[in-house]
Amino acid sequence: MIRHDYSRVEPKRRANIDPKKRQFAKAEYAQQDYKHRLNFYTLPPTAEITLEEFETWAINRLKVLSELEACSFRNRSPEETAEYMTSILNKYLPLRANTSRGTNLQEERKRDHYSHFILRLAFSSTEELRRRFSHLETILFRLRFREDDPRERQGFVRSLDLEWEEVGDDEKRELRDQMLAAIGSKREEEQDWFKVDWERVPELVSQRKVLLKRGMAYVPAKEQTSLVVAEFTKRLDEQLELTARALPRLDEDDRLAPILAHLSQSFTAPEAAYSSSDANIDGLSAINSGAIDTLSQNFPLCMQNLHMTLRANSHLKHYGRLQYTLFLKGIGLSLEECIIFWRRSFKLMTDDKFHKEYKYNIRHAYGDVGGDSNRRGRGYTPYSCQKILTEPLPGPGQAHGCPYRAFNVENLTGLLQRVGIQDREVLQGVKEDVKKQRYHVACNRVFEFAHKKEIKKVKDEGTWSATDLDTIVHPNTYFKRSWLLKHLGDGNAGVVSGDKMEE
Amino acid sequence: MPHSVTPEAIPAVEQLIAKSEPGTQDMAMDDAPSAEVEDKAKVNLEDLFDDEDSDEEFASSAPVKSEEDASQPAATFKISDKSQYSDPDVMRAFYQRLFPFRFFFQWLNHSAVPSNDFAHREFAFTLSNDALQRYQSFPTADLLRKRCIADTPPRIDIGPVYSTNPRDRKTLRKASAFRPISRELVFDIDMDAYDDIRTCCTGANICQKCWAFITMSIKVVDVALRDDFGFKHVMWVYSGRRGAHAWVCDKRAREMDDSKRRAVYGYLELLKGGDQGGKKVNVWRPLHPHLERSLSILKEHFQTTILAEQDPWAEQNSAHLLNLIPDTKLREALQKKWDSSPGRPSASKWADIDSVAKSGALSKSSKELLEAKQDIVLEYTYPRLDADVGKKLNHLLKSPFVVHPATGRICVPIDPRRVEEFDPLSVPKVTELLVEIDEWSGEDSEKKIQDWEKTSLKPYIEYFRVFVAGLLKEEKEKGGIKRERDENGDVMEF
Ligand code: SF4
Ligand SMILES: [Zn+2]
Chain A
1 MIRHDYSRVE
11 PKRRANIDPK
21 KRQFAKAEYA
31 QQDYKHRLNF
41 YTLPPTAEIT
51 LEEFETWAIN
61 RLKVLSELEA
71 CSFRNRSPEE
81 TAEYMTSILN
91 KYLPLRANTS
101 RGTNLQEERK
111 RDHYSHFILR
121 LAFSSTEELR
131 RRFSHLETIL
141 FRLRFREDDP
151 RERQGFVRSL
161 DLEWEEVGDD
171 EKRELRDQML
181 AAIGSKREEE
191 QDWFKVDWER
201 VPELVSQRKV
211 LLKRGMAYVP
221 AKEQTSLVVA
231 EFTKRLDEQL
241 ELTARALPRL
251 DEDDRLAPIL
261 AHLSQSFTAP
271 EAAYSSSDAN
281 IDGLSAINSG
291 AIDTLSQNFP
301 LCMQNLHMTL
311 RANSHLKHYG
321 RLQYTLFLKG
331 IGLSLEECII
341 FWRRSFKLMT
351 DDKFHKEYKY
361 NIRHAYGDVG
371 GDSNRRGRGY
381 TPYSCQKILT
391 EPLPGPGQAH
401 GCPYRAFNVE
411 NLTGLLQRVG
421 IQDREVLQGV
431 KEDVKKQRYH
441 VACNRVFEFA
451 HKKEIKKVKD
461 EGTWSATDLD
471 TIVHPNTYFK
481 RSWLLKHLGD
491 GNAGVVSGDK
501 MEE
Chain B
1 MPHSVTPEAI
11 PAVEQLIAKS
21 EPGTQDMAMD
31 DAPSAEVEDK
41 AKVNLEDLFD
51 DEDSDEEFAS
61 SAPVKSEEDA
71 SQPAATFKIS
81 DKSQYSDPDV
91 MRAFYQRLFP
101 FRFFFQWLNH
111 SAVPSNDFAH
121 REFAFTLSND
131 ALQRYQSFPT
141 ADLLRKRCIA
151 DTPPRIDIGP
161 VYSTNPRDRK
171 TLRKASAFRP
181 ISRELVFDID
191 MDAYDDIRTC
201 CTGANICQKC
211 WAFITMSIKV
221 VDVALRDDFG
231 FKHVMWVYSG
241 RRGAHAWVCD
251 KRAREMDDSK
261 RRAVYGYLEL
271 LKGGDQGGKK
281 VNVWRPLHPH
291 LERSLSILKE
301 HFQTTILAEQ
311 DPWAEQNSAH
321 LLNLIPDTKL
331 REALQKKWDS
341 SPGRPSASKW
351 ADIDSVAKSG
361 ALSKSSKELL
371 EAKQDIVLEY
381 TYPRLDADVG
391 KKLNHLLKSP
401 FVVHPATGRI
411 CVPIDPRRVE
421 EFDPLSVPKV
431 TELLVEIDEW
441 SGEDSEKKIQ
451 DWEKTSLKPY
461 IEYFRVFVAG
471 LLKEEKEKGG
481 IKRERDENGD
491 VMEF
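Quick mapping for you: the protein sequence lines, in order, are chains A and B. Oh and the first sequence: position 266 is 266 in UniProt numbering, straight run, nothing missing. Oh and the second sequence: position 467 is 467 in UniProt numbering, straight run, nothing missing.
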């Protein structure tokens, strides 16, 4: 994914990567002293490094962030993520505690510091990149924070000066029961409480894990992690905005520009897991609206569910329509056919209403109407599993989302049985996957079961490579692979024409 | 005549318009949509998908026949079609004589002197040909008023305040210079979300019985916004047909980014899992204080609205109730009992749970049963917010005081302290109001009386005026020399 191509930079030439420093020519500290292992990255680097260091450090950090993203995509729990990341972090971005007997502490921290700032430059250009970068850096910070030596962690937190007001004894006595109920604690144990503006702990508020009174959140001391992490994200987001605004001035340095561009390109969006090549399926002639009922046998559960709901109610709510329309677009249904499909599906609706309220949205999804960028981008990209799995759960009356996540176990089992998955072992496996929140693992399990025979065949015959049978992470990939496997005998359809996902 | 009002149908309105605006009533509205119509293409896909399932889903279907239509004392005219409510002449008279532009301006401007809070605010007009004009903005209330009178939009939506004037957005060199910077925190509660438990009406119809869902939601959300989040300027607005909107206007709320908005929604949301998610309430014990308080508000409504009025488990419909009972033994005993007396109403079935449990058919603890019953109460009564409306800073929401095109009713404020008294079916309709002005016969001499003061819209505009005054007072105190905050918090006494 990332090319290690050092030959194109001269290792000995020196790059100064600090935009501020260039502005305020005088460098105060050439070398910074890192007292703490953890870093809020408030001060930009001031020392000079070589271009080679510049690139290598950044690539190493990028590797770590990509792995973290993969974990969050696979729905790994924080514990699983921590375990999985240990060796990767040791290899690419070691960062040891003061108490460790490491000799390179300062050097490690410097790399951590600098690589963070380099990626900040590379990823501040667009809102989407900033959001992902901030999200992943937050995960990384949280991971390190949790594992930090408790004493050193306290020292670090104290150094941040976060202005938390302690809840006084009187108030503590008065609100004690409510505070405890809010955090879901049944025990009567004594603990310290802080009072902060609720905006500083949006995560806790959002999960209703904290008492709110007149705009203040009453946070138990043990939730310090949330507070510190929220503060980290907040400051990083602000800084990223500033960096974005300062970016044009950086263009001057033409040695850095290509490296930065290359870095941000390597950080491809997860949506890119879908490509238009998924729509071109050998042997599958142009799909028309009438074929959807038949083809739905090859749909993943999320889309089968939408399809069945649509057939049952002759209607789908807006997010359901959006998710399904984009999927249909992704399997190669043309705009005209898609409009016909929806028109016929909404049996109870007048033509007038359909044209007024629905048609435009379908055309918009296809990029047929809308602003320049929408048309240029040919509308919206079909949703990936990650997108579907990280959106809010559907509410009453809605059918979008991923059933493995949205359904309870009984209903999920019922749905699977309705689409022909009766095998008890598979259903049991799905149950366990879902309990561990590995929704897409459950989905792949079902896929493998439903295509057991065919998968064995292509493996035995060696017609499909291992990558052709990679974990499915996109509903459109699910469809494509399912269709191809079920049509192995039909002419050339059996061979996946070695099409890599285009980027 | 270019418009669709037949002279016999609403003579009063015709007369009124003829009297007040001689010569204008024949203006051809078909020409009204201006060049800005192309802006329709700019609408974000998500925005488009967002709204239409709620109140507007049935916007083009035939109007609701509500009981009071029939009971109205010999009205001078009969309204039977939505086109008459949003007819250009009706709309023009409405904007000329009734829409409270002055307070509306102050509400969004946060001071009496025109500022960017108002000038950079996006308005979106839906015209009578259904074209949507986005990114409209106006430096003053008067210019907004003139435009409304000229274009007679049947619907106005309010968007965010942008970093620059929305009209200039295309001339900016950098797209990032044009971004939403503030807007009220908003909520939408729509009857749509209650369709699976509502038995009295379907679709766009409502009656007093099901309006209770909205009433209890307002109670629960309002107290949380005030007591928990510390907001003071919360305005509830009837959406004109079968729902309500909340506008939280505190500066602190207006400046929240999307992640904070999501946090408030997360705090307030309870029911999860779509129609297939099974049990929709999953909460730990002890209950969070917000849920504890909500439960105590909702209990009463459960008895009246749910058990007595909606009667959701009547006849053969008790399967879902049984599903929610965690105890197999008890479930079987109840099933048997209800199978043998199918006529039992929901209230009796609800009481059966305890009595059958007491008679020994309970294998779990009574505490577990109590908790399961609390969960059921919450599932049937807890507010169902339309999550997609308020989580984004730049979402459009229908303005207060516009006319709902299908019902003709004005989107009036609802006083949360008297929310029980609010009756959506007696909210004045635009055509009635215009007649009221016409029939008014009070003294007009000493002090100029505004047209709206002559109508039943008056109490609603009065309420709005006081609300806005409270907001302005606080903005002034906070904006100017930092004065001591009012001790009891509430700067405005109603
Ligand atoms: S895992 Fe992905 S493809 Fe499978 S059902 Fe869920 S969203 Fe659909
Ligand atoms: Zn009703």
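Where is the CB? At the ideal position from N, CA and C, for every residue including glycine. Treat the numbers as computed from the prediction; the structure is a model and nothing was measured.
What residue from A:Ala217, A:Leu240, A:Lys35 and A:Leu175 has the CA that sits closest to arginine 131 (chain A)'s CA?
When C-alpha distances from arginine 131 (chain A) are compared across A:Ala217, A:Leu240, A:Lys35 and A:Leu175, the shortest belongs to A:Leu240.
Which bits of chain A does histidine 395 (chain B) rub up against, with CB to CB less than 9 Å?
Within chain A, no residue has its beta carbon less than 9 Å from that of histidine 395 (chain B); the closest one is some 13 Å off.
Taking arginine 384 (chain B) as the query, report the chain A residues whose CB atoms sit under 9 Å from its CB, ordered along the chain.
Near arginine 384 (chain B) (Cβ distances below 9 Å), the residues of chain A are Gly395 and Pro396.
On the three-state DSSP scale, how would you describe lysine 486 (chain A)?
Helix, per DSSP.
For serine 259 (chain B) and chain A, any beta-carbon pair shorter than 7 Å?
Yes, serine 259 (chain B) lies at the interface with chain A (some Cβ there is under 7 Å from its Cβ).
Where DSSP assigns a beta bridge to histidine 245 (chain B), which residues make up the other side?
DSSP output for histidine 245 (chain B) lists B:Asp188 and B:Val237 as bridge partner(s).
The beta strand (DSSP E) with aspartate 197 (chain A) in it runs from where to where?
Per DSSP, aspartate 197 (chain A) is one residue of the beta strand (DSSP E) stretching across 193-197.
Is cysteine 71 (chain A) near ligand 2, judged by its Cβ being under 6 Å from some heavy atom?
No, ligand 2 has no heavy atom inside 6 Å of this Cβ.
Of all residues in the structure, which have a C-beta closer than 5 Å to any heavy atom of ligand 2, taken in chain order?
The filter returns B:Cys200, B:Cys201, B:Cys207, B:Lys209 and B:Cys210, in chain order.
Is proline 394 (chain A) near ligand 1 - that is, is its Cβ less than 6 Å away from at least one heavy atom of it?
No, since every heavy atom of ligand 1 falls outside the 6 Å radius drawn around the Cβ of proline 394 (chain A).
Using the Cα positions of histidine 307 (chain A) and glycine 489 (chain A), report the straight-line distance between them to the nearest angstrom.
Distance between the alpha carbons of histidine 307 (chain A) and glycine 489 (chain A): 27 Å.
For glutamine 323 (chain A), count the other beta carbons within 10 Å of its own beta carbon; 16 or more makes it buried, fewer makes it exposed. Which is it?
Buried, since its Cβ has 16 or more Cβ neighbours within 10 Å.
Below 7 Å between beta carbons: does that hold for lysine 244 (chain B) and isoleucine 189 (chain B)?
First, the residue type needs correcting, since residue 244 (chain B) is alanine and not lysine in the sequence shown. Against a cut-off of 7 Å, the Cβ pair of isoleucine 189 (chain B) and alanine 244 (chain B) comes out as a contact.
Min CB distance glutamine 323 (chain A) to chain B below 7 Å
Look at glutamine 323 (chain A): its C-beta is not under 7 Å from any C-beta on chain B.
Beta-carbon within less than 8 Å of proline 139 (chain B)'s beta-carbon, same chain only, minus the 5 sequence neighbours each way: which residues are those?
Pro114, Phe118 and Ala119, listed in sequence order.
Contact belief for serine 264 (chain A) with serine 125 (chain A) at Cβ below 8 Å, rounded distance in angstroms
Yes, serine 264 (chain A) and serine 125 (chain A) are in contact; Cβ-Cβ is about 7 Å, under 8 Å.
Going straight from the alpha carbon of leucine 484 (chain A) to that of arginine 61 (chain A), what length do you get?
Their backbone Cα atoms lie some 38 Å apart in a straight line.
Would you mind working out which of A:Ala97, A:Asp33, A:Val64 and A:Lys234 sits nearest threonine 81 (chain A), comparing C-alpha positions?
The shortest C-alpha separation from threonine 81 (chain A) is found at A:Val64.
State the beta-bridge partners of alanine 124 (chain B) as determined by DSSP.
When beta bridges are read from the DSSP output, alanine 124 (chain B) appears opposite B:Asp157.
Mind listing which residues of the segment 227-244 of chain B have their C-beta closer than 9 Å to chain A's C-betas, in chain order?
With the criterion set as a beta carbon lying under 9 Å from some beta carbon of chain A, the members of the segment 227-244 of chain B are Asp227, Asp228, Phe229, Gly230 and Phe231, in sequence order.
Please decide whether proline 166 (chain B) counts as near chain A, where near means a Cβ-Cβ distance under 7 Å.
No, no contact with chain A.
Would the beta-carbon of tyrosine 478 (chain A) be found less than 6 Å away from any heavy atom of ligand 1?
Between ligand 1 and the CB of tyrosine 478 (chain A), the shortest heavy atom gap is smaller than 6 Å.
Note down the Cα distance separating alanine 372 (chain B) from valine 210 (chain A), rounded to an integer number of angstroms.
Each residue's CA atom was taken as its position, placing alanine 372 (chain B) and valine 210 (chain A) some 23 Å apart.
Quick one: what's alanine 221 (chain A) bridged to in DSSP?
Residue pairing by DSSP places alanine 221 (chain A) opposite no residue, since no beta bridge is assigned to it.
Pairwise C-alpha distance: isoleucine 214 (chain B) and glutamate 475 (chain B):
Cα to Cα, the separation comes out at about 30 Å.
Quick one, which of A:Gly330, A:Ile455 and A:Arg208 has its alpha-carbon nearest aspartate 470 (chain A)'s?
Taking only the C-alpha atoms, the option nearest aspartate 470 (chain A) is A:Ile455.
Beta-carbon of phenylalanine 299 (chain A) versus every beta-carbon of chain B: anything under 7 Å?
Chain B, which has no Cβ nearer than 7 Å to the Cβ of phenylalanine 299 (chain A), makes this no.
DSSP-derived helix/strand/coil call for proline 88 (chain B)
Proline 88 (chain B) sits in a helix when the DSSP states are folded into three classes.
Against chain B, does glutamine 178 (chain A) count as a neighbour if the rule is that its beta carbon must be under 7 Å from one of theirs?
Yes, glutamine 178 (chain A) lies at the interface with chain B (some Cβ there is under 7 Å from its Cβ).
Tell me where the beta strand (DSSP E) around tyrosine 135 (chain B) begins and ends.
Looking at the DSSP string, the run of the beta strand (DSSP E) that includes tyrosine 135 (chain B) is 132-136.
Taking 6 Å as the cut-off, is the beta-carbon of isoleucine 388 (chain A) closer than that to any non-hydrogen atom of ligand 1?
Yes, the Cβ of isoleucine 388 (chain A) comes within 6 Å of a heavy atom of ligand 1.
So with Cβ pairs under 7 Å, would you call serine 206 (chain A) a contact of chain B?
The Cβ of serine 206 (chain A) sits closer than 7 Å to at least one Cβ of chain B.
Please tell me whether lysine 272 (chain B) has its Cβ less than 7 Å away from any Cβ of chain A.
Answer yes: the Cβ-Cβ gap between lysine 272 (chain B) and chain A drops below 7 Å somewhere.
Using 7 Å as the threshold, is the C-beta distance between threonine 325 (chain A) and alanine 365 (chain A) below it?
Going by C-beta atoms, threonine 325 (chain A) is nearer than 7 Å to alanine 365 (chain A).
What separation, rounded to the nearest whole angstrom, lies between the Cα atoms of lysine 317 (chain A) and arginine 344 (chain B)?
Distance between the alpha carbons of lysine 317 (chain A) and arginine 344 (chain B): 34 Å.
Please report whether the beta-carbon of glycine 184 (chain A) lies at a distance below 7 Å from any beta-carbon of chain B.
With its beta carbon less than 7 Å from one in chain B, glycine 184 (chain A) belongs to the interface.
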